[in-house]
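Undergrad: Residue numbers (this note's numbering): 549 to 774.
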Ligand code: AP5
């Protein structure tokens with residue numbers, strides 16, 4: 549279902565399945581997909597100025613400063629490549645980031661279509677992140693039990709090695725959850741007040757979550773087309 553003019557946010561806790569569903573949506577909708585965690589990990593790998601500024605925060609499981617990440621997303625929205633829609637994953641993550649996004653979109657004469665909250669309990673997240681594996685080349689996501697690769701330790705898509713992310717160590721995961729509840733969860737109310745929030749039960753298996761997300765998005769497409 550390729551689609552245009554959908555400006556979407558995937559919101560949810562660390563390990564809630566935003567990246568898993570984001571990869572699928574990107575293929576379905578053929579829209580630019582901006583996952584700030586992936587962008588920052590690439591910057592750390594390439595040792596750019598942003599990567600150097602972000603690394604220590606990411607290793608601790610803290611959020612990077614708002615001004616660093618707001619600049620990263622603003623640049624992409626201004627570039628023209630997202631003029632016909634976008635999917636944001638992992639941004640915004642604080643109220644100041646959400647306010648900055650609203651300002652940038654209004655400067656560009658755009659508005660959000662919807663926010664999709666993928667809702668999962670903390671207990672489930674700890675279990676998921678302990679089994680997550682990601683490929684070193686592109687960050688494709690697997691799980692040793694729920695979504696295993698065809699060959700253990702090898703990415704199905706690009707053949708690169710699968711590793712455990714540094715911030716998936718249990719202590720760091722617990723800290724990321726605290727950060728989520730303190731700083732990101734307030735966005736649920738922020739977007740509810742704007743009548744943009746749509747909740748999906750993220751505790752179902754990945755295909756069921758995908759179906760729920762797709763059927764939600766088909767309702768936005770109808771509205772956009774009407
Ligand atoms: P980021 O990479 O965005 O991390 P996150 O939000 O913590 O999200 P994750 O990537 O851990 O999880 P996910 O929801 O994508 O889940 P996934 O699909 O992989 O950010 C990393 C760091 O960057 C942050 O800590 C921060 O420092 C910094 N950062 C990024 N953006 C920032 C911002 N805006 N502001 C400030 N700092 C920022 O799934 C998890 C596992 O579960 C996988 O193994 C998967 O296979 C499995 N799985 C997925 N769905 C299901 C399912 N339905 N059932 C069973 N298993 C499932």
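The C-beta atom is built at its ideal place from N, Cα and C for all residues, glycine as well.
If you measure between the beta carbons of residue 602 and residue 638, is that distance less than 9 angstroms?
TA: In this structure, residue 638 does not lie closer than 9 angstroms to residue 602 by Cβ.
Undergrad: Enumerate in chain order the residues of its own chain whose CB-to-CB distance from residue 691 is below 8 angstroms, with the five nearest sequence positions on each side excluded.
TA: Excluding positions up to five away in sequence, the list reads 676, 679, 680, 681.
Undergrad: When the Cβ atoms of the region 720 to 740 are set against those of the region 557 to 564, are three or more pairs found closer than 8 angstroms?
TA: Yes: the two stretches touch, three or more of their Cβ pairs being nearer than 8 angstroms.
Undergrad: Determine the DSSP secondary structure at residue 688, reduced to helix, strand or coil.
TA: Here residue 688 sits in coil by DSSP.
Undergrad: So the candidates are 687, 673, 646, 633; which of them puts its Cα closest to the Cα of residue 661?
TA: Residue 633 is the option with its Cα nearest to residue 661.
Undergrad: Could you check whether the Cβ of residue 694 sits closer than 8 angstroms to any heavy atom belonging to the ligand AP5?
TA: Checking every heavy atom of the ligand AP5 against the Cβ of residue 694, one is found closer than 8 angstroms.
Undergrad: For the candidate residues 594, 605, 608, 650, whose alpha-carbon lies nearest to that of residue 621?
TA: Nearest of 594, 605, 608, 650 to residue 621, Cα basis: 650.
Undergrad: Could you spell out the range, first to last residue, of the alpha helix (DSSP H) harbouring residue 676?
TA: It spans 670 to 678 - the alpha helix (DSSP H) in which residue 676 sits, taken as one unbroken run.
Undergrad: Going along the chain, which residues of its own chain have a beta-carbon closer than 7 angstroms to the beta-carbon of residue 750, five neighbours each way excluded?
TA: Answer for residue 750: 560, 564, 565, 666, 667, 668, 757, listed in chain order.
Undergrad: Give the DSSP bridge partners of residue 709, in chain order.
TA: BP columns for residue 709 point to 702.
Undergrad: Taking the CB atoms as reference points, tell me whether residue 490 and residue 567 lie closer together than 9 angstroms.
TA: Outside the shown range of the chain (549 to 774) lies residue 490, about which nothing can therefore be said.
Undergrad: So, for residue 689: in the same chain, excluding its five sequence neighbours on each side, which residues have a beta-carbon less than 6 angstroms away from its beta-carbon?
TA: Hits under 6 angstroms: 567, 568, 682.
Undergrad: Could you give the C-beta distance for residue 684 and residue 746, rounded to a whole number, given that I count them as a contact under 8 angstroms?
TA: In fact, because the Cβ distance is near 34 angstroms, the residues do not count as touching under 8 angstroms.
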